[in-house]
Amino acid sequence: MASQATILVIEDSVLSQRLVEVVLTSQGFHVVEARTGEEGLRKALDEQPDLILLDVHLPDMSGYDAVARLRAQPETAHIPIIALTASASAEEEARARDAGCDGYIAKPINTRTFPDQVRQYLG
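Mapping the sequence shown onto the working numbering, position 58 (from 1) lands on 64, and the numbers just tick up by one.
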């Protein structure tokens, strides 16, 4: 299943988004991109991805606000959401989980371990 999985990446940094895309597509994942929270919410509804990777600092809304909106919609409430943040700390990880995220990955990503980190949330 993992090699066929669709992953929605909601990330405003072009460089970070491109790195995630290259690493995941090289592992056989289908990557859908969004640069804002609103665009990400629309694509989550339209694409019904298997997993959402979400930057917590977006230009139009907090990533945590986006999580709340995704969790409030029956169509997207079941999708695992992983927070991506450069603010790597125990407090930030706890905040991500309290907000409804299923996991947390610190940026910059480690390109060697990132695919396996993603796979663990896909079952």
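Every residue gets a Cβ at the ideal spot worked out from N, C-alpha and C, and that includes glycine.
| Check | Outcome |
| --- | --- |
| With three or more C-beta pairs closer than 8 Å as the rule, is the region 57-65 touching the region 36-48? | yes |
| Look at the alpha carbon of residue 103 and the alpha carbon of residue 13, and state the distance between them as a whole number of angstroms. | 19 Å |
| I'd like the list of long-range same chain contacts for residue 50, defined as Cβ closer than 7 Å, with 5 residues on each side in sequence excluded. | 14, 58, 76, 82, 85 |
| Pull up the DSSP beta-bridge partners for residue 61, would you. | 90 |
| How would you call residue 7, buried or exposed, if buried means at least 16 neighbouring beta carbons within 10 angstroms? | Its pLDDT being 42, under 50, residue 7 is placed unreliably by the model, and the measurement read from it follows with that caveat. Exposed: under 16 other Cβ atoms inside 10 Å. |
| Would you mind giving the Cβ-Cβ distance between residue 26 and residue 17, rounded to the nearest angstrom? I have them listed as a contact below 8 Å. | 7 Å |
| Shortest alpha-carbon distance to residue 74 belongs to which of 107, 96, 23, 38? | 107 |
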